[in-house]
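Just below is one structure, and these are the notes that go with it.
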Amino acid sequence: QNSQQNYQNLKANIFNILIERLKKDTNIEILKPIIKEYLNKQKKIEYNKVFGTYYLELLEIIKNEKNFLTVEEFNIKAV
1 QNSQQNYQNL KANIFNILIE RLKKDTNIEI LKPIIKEYLN KQKKIEYNKV
51 FGTYYLELLE IIKNEKNFLT VEEFNIKAV
């Protein structure tokens, strides 16, 4: 019970740190589900990966998401 609560707190803290770091790159409402899904896929969540691995991988995901949205918007306008 206590370790599960600690894990949830850790996950929430990392989520908030990543929101703060990435909000300059993308709208927060777009970021929230991306970060949540990303963290849920991680087998083990660690603070020491926040500013390296997690941040860089999320930047790549966001970049790909923006490219996809741009293509989708273009396709909608082209129709």
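Going by my numbering, the sequence shown opens with residue 1, and the numbers climb by one from there.
The beta carbon of each residue, even a glycine, is placed where N, CA and C say it ideally should be.
If you're wondering where the values come from, they're calculated on a predicted model, not measured in any experiment.
By how many angstroms is the C-alpha of residue j removed from the C-alpha of residue i?
i	j	result
I35	Y7	16 Å
K23	G52	16 Å
I14	Y47	7 Å
V65	Q5	Per the sequence shown, residue 65 should be read as Glu rather than Val. Spanning the two alpha carbons is a distance of roughly 32 Å.
K49	N67	26 Å
Cβ of residue i within 8 Å of Cβ of residue j?
i	j	result
F10	L58	Contrary to the premise, residue 10 reads as Leu rather than Phe in this sequence. The answer is no: Cβ separation not under 8 Å.
Y38	I61	yes
Hey, would you say the C-beta of residue i is under 7 Å away from at least one heavy atom of the ligand PLP?
i	result
Q8	In terms of ligand content, the structure shown is empty, and the ligand PLP therefore cannot be addressed.
CB-CB under 8 Å to residue i, same chain, minus the five flanking residues each way: which ones, in chain order?
i	result
Y55	L18, R21 and L22
Query raised in the report: Is the region 42-51 close to the region 23-32, with three or more CB pairs under 8 Å?
Result: Not touching, per the Cβ criterion.
Query - Unbroken stretches of the beta strand (DSSP E), 3 residues or longer, contained in the region 44-69 - result: Counting whole runs of 3 or more residues, the region 44-69 contains no beta strand (DSSP E) stretch at all.
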